[in-house]
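Student: Structure incoming, see below.
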Amino acid sequence: MVYKTKKKTLSFQDTIFNLQKYWSKKGCVILQPYDLEVGAGTFHPATTLRSLGPKPWKTAYVQPSRRPTDGRYGDNPNRLQHYYQFQVLIKPSPKEIKKMYLNSLSSIGINYEEHDIRFVEDDWESPTLGAAGLGWEVWCDGMEVTQFTYFQQMAGVECKPVSVEITYGLERLCMFIQNKKSVFDLIWNDEGITYKDIFHKSEKEFSAYNFEYANTDNLFKIFEMLEEETKLLVEKKISLPAYDQCLKCSHVFNILDARGVISVAQRAEYITRIRELTKSIGKVWIESQS
Amino acid sequence: MSELFVELFSEEIPAKLQINARNELKKNIKNFFIDNQIKFNENFNVYSTPNRLVFHVDKIPNEIKLNSEEIRGPNVNAPEKALEGFIRSNNTTLEKIFKKSTEKGEFYFFKKESRKIKVSELLEKNLSEILTKITWNKSMKWANYDLYWGRPLKSILAIFNKKPLNFVFNHINSSNKTFTDKSLEEGLKIFNDFNSYIKFFKQKGILIDQDLRKKIIQNKINEIINKKNLKIEQNERLIDEIVNIVEKPAVIICDFDKKFLNVPSEILITTMQSHQKYLPTFDKKNNLTNNFFVVADIKDTKGFVKLGNERVIEARLSDAEFFWEKNKTQNLVKQVDKLKNINYFKGLGSYFDKIQRMRKLSSLISDDFLISKDKIEIASSICKVDLMSDLVGEFPELQGIVGGHFAKFQGFDKEVCLAVSEQYLPNGMESKLPKKMYSVALSLSDKLDSLVGFFGINLKPTSSKDPYAIRRMAISLVRLIVENEIKIKLKDLIVYTCSAYRDQGYDFDTKKIQNELSDFIIERLKNYLKEKKIRQDIIESSTFLLGLDDLLKAYKKSLCLNKNIKKEIGFETIAVYKRSSNILNTEEKISIETLGFADPGLFKNDYEKKLYKKIDDIRKYFLSIGKDENYEESLKILSSIKNEVNDFFDNVIVNDEDIIIKKNRLELLNMLCKTFDNYFNFSKIET
Chain A
1 MVYKTKKKTL
11 SFQDTIFNLQ
21 KYWSKKGCVI
31 LQPYDLEVGA
41 GTFHPATTLR
51 SLGPKPWKTA
61 YVQPSRRPTD
71 GRYGDNPNRL
81 QHYYQFQVLI
91 KPSPKEIKKM
101 YLNSLSSIGI
111 NYEEHDIRFV
121 EDDWESPTLG
131 AAGLGWEVWC
141 DGMEVTQFTY
151 FQQMAGVECK
161 PVSVEITYGL
171 ERLCMFIQNK
181 KSVFDLIWND
191 EGITYKDIFH
201 KSEKEFSAYN
211 FEYANTDNLF
221 KIFEMLEEET
231 KLLVEKKISL
241 PAYDQCLKCS
251 HVFNILDARG
261 VISVAQRAEY
271 ITRIRELTKS
281 IGKVWIESQS
Chain B
291 MSELFVELFS
301 EEIPAKLQIN
311 ARNELKKNIK
321 NFFIDNQIKF
331 NENFNVYSTP
341 NRLVFHVDKI
351 PNEIKLNSEE
361 IRGPNVNAPE
371 KALEGFIRSN
381 NTTLEKIFKK
391 STEKGEFYFF
401 KKESRKIKVS
411 ELLEKNLSEI
421 LTKITWNKSM
431 KWANYDLYWG
441 RPLKSILAIF
451 NKKPLNFVFN
461 HINSSNKTFT
471 DKSLEEGLKI
481 FNDFNSYIKF
491 FKQKGILIDQ
501 DLRKKIIQNK
511 INEIINKKNL
521 KIEQNERLID
531 EIVNIVEKPA
541 VIICDFDKKF
551 LNVPSEILIT
561 TMQSHQKYLP
571 TFDKKNNLTN
581 NFFVVADIKD
591 TKGFVKLGNE
601 RVIEARLSDA
611 EFFWEKNKTQ
621 NLVKQVDKLK
631 NINYFKGLGS
641 YFDKIQRMRK
651 LSSLISDDFL
661 ISKDKIEIAS
671 SICKVDLMSD
681 LVGEFPELQG
691 IVGGHFAKFQ
701 GFDKEVCLAV
711 SEQYLPNGME
721 SKLPKKMYSV
731 ALSLSDKLDS
741 LVGFFGINLK
751 PTSSKDPYAI
761 RRMAISLVRL
771 IVENEIKIKL
781 KDLIVYTCSA
791 YRDQGYDFDT
801 KKIQNELSDF
811 IIERLKNYLK
821 EKKIRQDIIE
831 SSTFLLGLDD
841 LLKAYKKSLC
851 LNKNIKKEIG
861 FETIAVYKRS
871 SNILNTEEKI
881 SIETLGFADP
891 GLFKNDYEKK
901 LYKKIDDIRK
911 YFLSIGKDEN
921 YEESLKILSS
931 IKNEVNDFFD
941 NVIVNDEDII
951 IKKNRLELLN
961 MLCKTFDNYF
971 NFSKIET
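Chain order of the listed sequences is A and B. Using the numbering used here, the first residue of the first sequence is number 1, and each one after it goes up by one. Using the numbering used here, the first residue of the second sequence is number 291, and each one after it goes up by one.
Here is the structure:
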């Protein structure tokens, strides 16, 4: 395998290309990002739904992820309301997954023998997905660059077989590779286009939207409508469209949360409502898998 | 004599799970050898690295001799099937079965001849079960397998007497090989004994023995801090975690930009310790320095590790600094109103509601504490504002502390700042205890408000569930009172807190809350005393019919008796009491009831009179002592009645023919017991 790692710094897009090539060679289906707003690569149905049921599955994809509360108007060098994850999901988890992962680091120019690579306990839980897993965050010289998780439960259902999920935080990883202190200084391509050139304006504007201008009255209504629609689709037993509506619910909730209009008690209630939707969808999906 | 040596190789097991698994293994292995009556070196060791869980037991015989024994089978009257089963399970034939009478009837027996068993066979048969018996605090499954383990288990190396032990543990076959490269899980290598195994890894710089790792890390750190004139905080928990997340420890000293030292040190320390597992350093005056330790798991030959970690801390600290700069100037008083938007707890209003109640309560407490009402009211008003700051969002564990820093920056009174900072302390049994009265007052009112609130909406903890950590809250309340020796009327404070809730429109049943909370807090006091290693019977006596206002007294009295129970003053006090109360108890059974009022006019001799006089003296003593009772002195005085009591019992027959005389003597004894009740009810003390 030949990777573009020699001498010149690996750009953001080359990092993606290399990871895609690497995992493609490992037999993964290389998918494109899901076309809805999601909080993490895990929400892509290729992970949530496909990790359920008995059928083997291997995939890798980039997923733009939105966390409205993390927006900082483009002022903070480490925080974004929109960022990229590179997600790998393999079911059942292969025996040599650690080796595969460490070699994937080599493919993007990180020689694991020269760095302090650590698997630090980090058990993962997603209340809205009704999901839980055990695993680690992987540190490279103290910097968290990957989440490595064995799913134990998804949509409230015990995973059998167990999938392994590897989630690279692409910005963090590239800041490490390119030796940058600010995410906005990342080099996107060989022409020298930076992350700032592409995303600074959107960080600023979306922060304003998420924190100041999102019409919360409408969003509350939209949430109700989406929830109703999800339930209807679950009744019709079409899990994928139902899941789409549920993802939209989740994103609306995230914006409302960022706007600070959801109290602590309400928050728990909304999370429960989304989890119940996910669970009902998971059930329908599993029925279709056997 | 041989050695048993087993290595369980897995993906990285978290520190806490490793420690737990080591303890579990140690226990299970010990039990195995003891149950099977096999000699072994009881001082054997269990080791671990993140990837390797290893145990090594030596001085084990290769064979054990089992003495011949008669094994009892089914009763002779039992159905034939039972006998057949007995023959089968003992692997024998009908000819070798004989009948024998026992106390319980006639039974079939089989005589097992004495025989030798190979320990290796026993081990092969039992190791799988020994491993199954490990209870993991948290475990997982992977791939298609059904095994639960801390993290995916990859191989088992098992050696006895230099030969491999062959057994199957779930989907894994044991062997004499292990992966020498833990990263890629490659480099399979055969090992036949523990020594060569340890040696092999040592040559690669890998230390299997956690104690050795700890020593090496500590030595290296000490070497550097001595040279640089620095100190580190003795944080065993962090050190133990670090020791168990590396196999090849390399201590690296790093630094960050000194400008960050302007940020409150708690924020910097939390960032380093809990987020990055770094060890911060301090100068000789205990000020935080910009040097810190990283314990890496690799030799930093190219300097990448140091550089990387310094970059990480720089990013994290600039985040923290950014929030600190932004939050510290946000006026605390002006933000109080915004607390209306933050729910304290469903059914208990907003944080704004809470601080209104706390303000009333702390102001009442300030009268008892003789502290400034104005100051404690200010502290109550601003104490929860930091919950809205970015910093507490980032560092929830620093709530209160961060608020204290904001207050300090904004020029609030020193005692107010400290009170805000310490409002959540103590947090349970082990945590630090605030000593300054403003801090104590604020913490008390916070805890009382919460306790009354949760009992008010009926969210009391059950025997198994305590999701809101209400027990810890009450224990903390007990500690605040007894350890600071605070004299307050807790009962009144609870009533007052209820009324503060009622003023806000809560429909609380004051009487019910008061009763339930009172029992609950006294239960916590009992637990607390138990933790302090007070004898259970002393705890029971000191809390018998205890009023909520007397927590401190009960605490001190039980401490004092516990200390003196084997000494003369304690021993004699109890002996005298018991001797008297035993007679009363027997007489009560034949329904002679006494009130504790003896009539001196009915006394027949000097012994009665002397005892009466002595009791009277003791009563006068108890009447004369005010709030400052010296409990040891009280015990001494109680025990000093010993001679009068002994004389009385030696010379006076209580059971006089004249029922009036008899009753009067019983009254005298009851008077004695009641007088002793001034200390506490000794009836539950066991002798």
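Glycine included, each C-beta is placed from N, C-alpha and C at the ideal position. Computed from a prediction, not measured in an experiment: that's the story for all the values here.
Using a C-beta to C-beta distance shorter than 9 Å, which residues of chain A count as neighbours of Asp609 of chain B?
Tutor: Close to Asp609 of chain B, with beta-carbon spacing below 9 Å, are these residues of chain A in chain order: Asn76, Pro77, Asn78 and Arg79.
Student: Give me the residue from B:Asn552, B:Leu962 and B:Phe745 with the minimum Cα distance to Phe887 of chain B.
Tutor: B:Leu962
Student: Go to His346 of chain B, then tell me how far its beta strand (DSSP E) extends in each direction, as first and last residue.
Tutor: Arg342 to Ile350
Student: Compare the Cα-Cα distances from Asp782 of chain B to each of B:Lys722, B:Asp658 and B:Tyr487 and report the closest residue.
Tutor: Of B:Lys722, B:Asp658 and B:Tyr487, the residue nearest in Cα terms is B:Asp658.
Student: Note down, in chain order, each residue of its chain lying with its Cβ closer than 7 Å to the Cβ of Ser848 of chain B, except the 5 sequence neighbours on either side.
Tutor: Once the five neighbours on either side are set aside, the close Cβ partners of Ser848 of chain B are Leu819, Ile824, Ile828, Ile829 and Ser832.
Student: Given this structure, state the Cα-to-Cα distance separating Thr272 of chain A from His565 of chain B, to the nearest angstrom.
Tutor: 29 Å
Student: To the nearest angstrom, report how far apart Gly27 of chain A and Gln147 of chain A are at their CA atoms.
Tutor: 21 Å
Student: For Lys58 of chain A, which of A:Arg267, A:Ile255, A:Ser24 and A:Leu233 has the nearest alpha-carbon?
Tutor: Per the Cα distances, A:Ser24.
Student: What residues of chain B sit near Tyr150 of chain A, judged by a beta carbon separation below 7 Å?
Tutor: Met430 and Trp432
Student: Locate the beta strand (DSSP E) running through Phe211 of chain A, then write down its first and last residues.
Tutor: Run containing Phe211 of chain A: none; DSSP gives neither H nor E here.
Student: Could you tell me which uninterrupted alpha helix (DSSP H) segments, each at least 4 residues in length, are contained entirely in the region 118-197 of chain A, listed from first to last along the chain?
Tutor: 170-178
Student: Find out if the Cβ-Cβ distance for the pair Ser464 of chain B, Ile446 of chain B is shorter than 9 Å.
Tutor: In contact: Ser464 of chain B and Ile446 of chain B (Cβ atoms closer than 9 Å).
Student: Could you tell me which chain A residues have their CB closer than 7 Å to the CB of Gln566 of chain B, listed as they occur along the chain?
Tutor: At a beta-carbon threshold of 7 Å, the residues of chain A lying near Gln566 of chain B are Gly142, ordered along the chain.
Student: Give the list of continuous alpha helix (DSSP H) stretches no shorter than 4 residues that lie fully inside the region 794-876 of chain B.
Tutor: 800-821, 826-833 and 841-854
Student: Can you give the Cα-Cα distance for Glu877 of chain B and Asp889 of chain B, rounded to whole angstroms?
Tutor: 19 Å
Student: For Thr149 of chain A, count neighbouring C-beta atoms within 10 Å of its own C-beta (all shown protein chains included) and say buried if the count is 16 or more, exposed if not.
Tutor: buried
Student: Give me the residue from B:Ile668, B:Lys479 and B:Asn817 with the minimum Cα distance to Leu841 of chain B.
Tutor: Cα-wise, what sits closest to Leu841 of chain B is B:Asn817.
Student: Between the Cα of Asp257 of chain A and the Cα atoms of A:Gln32, A:Arg66 and A:Thr15, which residue gives the shortest distance?
Tutor: A:Arg66
Student: What three-state label does DSSP hand Thr272 of chain A in the structure shown?
Tutor: helix
Student: Rounded to a whole number of angstroms, what is the C-alpha to C-alpha distance between Tyr101 of chain A and Lys21 of chain A?
Tutor: 13 Å
Student: Just checking, does the region 492-511 of chain B make contact with the region 353-366 of chain B on the three C-beta pairs under 8 Å criterion?
Tutor: no
Student: Answer yes or no: the CB of Val138 of chain A versus the heavy atoms of the ligand SAM, is any distance below 8 Å?
Tutor: You won't find the ligand SAM in this model; it holds no ligand whatsoever.
Student: Does any residue of chain B bring its CB to less than 9 Å from the CB of Lys6 of chain A?
Tutor: The predicted position of Lys6 of chain A is uncertain, since its pLDDT is 49 and thus under 50; a value taken from the coordinates is nonetheless stated next. It does not; no Cβ of chain B falls within 9 Å.
Student: From what residue to what residue does the beta strand (DSSP E) around Arg405 of chain B run?
Tutor: Arg405 to Lys408 is the extent of the beta strand (DSSP E) around Arg405 of chain B.
Student: In whole angstroms, what separates the C-alpha of Leu677 of chain B from that of Pro33 of chain A?
Tutor: 37 Å
Student: What is the DSSP secondary structure of Leu10 of chain A, reduced to helix, strand or coil?
Tutor: coil
Student: Can you list, in chain order, the residues of its chain whose CB lies under 7 Å from that of Asn357 of chain B, leaving out five sequence neighbours each side?
Tutor: Ser404
Student: Of all Cβ atoms in chain B, is any one closer than 9 Å to the Cβ of Ser250 of chain A?
Tutor: no
Student: Is it right to say Ser753 of chain B is buried, meaning 16 or more other beta carbons lie within 10 angstroms of its own, or is it exposed?
Tutor: Its Cβ having fewer than 16 others within 10 Å, Ser753 of chain B is exposed.
Student: Could you check where the beta strand (DSSP E) with Ile480 of chain B kicks off and where it finishes?
Tutor: First-last of the beta strand (DSSP E) with Ile480 of chain B: Glu476 to Ile480.
Student: At which residues does the alpha helix (DSSP H) containing Trp614 of chain B begin and terminate?
Tutor: Phe594 to Lys618
Student: Would you list the residues sitting across from Asn365 of chain B in a DSSP beta bridge?
Tutor: B:Phe397
Student: Do Thr194 of chain A and Phe184 of chain A have their C-beta atoms closer together than 9 Å?
Tutor: In this structure, Phe184 of chain A lies closer than 9 Å to Thr194 of chain A by Cβ.
Student: So for Tyr243 of chain A, helix, strand or coil by DSSP?
Tutor: helix
Student: My understanding is that Asn631 of chain B touches Leu681 of chain B, with C-beta atoms under 8 Å, so please give their C-beta distance in whole angstroms.
Tutor: That pair is no contact at about 18 Å.
Student: Could you compute how far the alpha carbon of Gln308 of chain B sits from the alpha carbon of Gly477 of chain B?
Tutor: 24 Å
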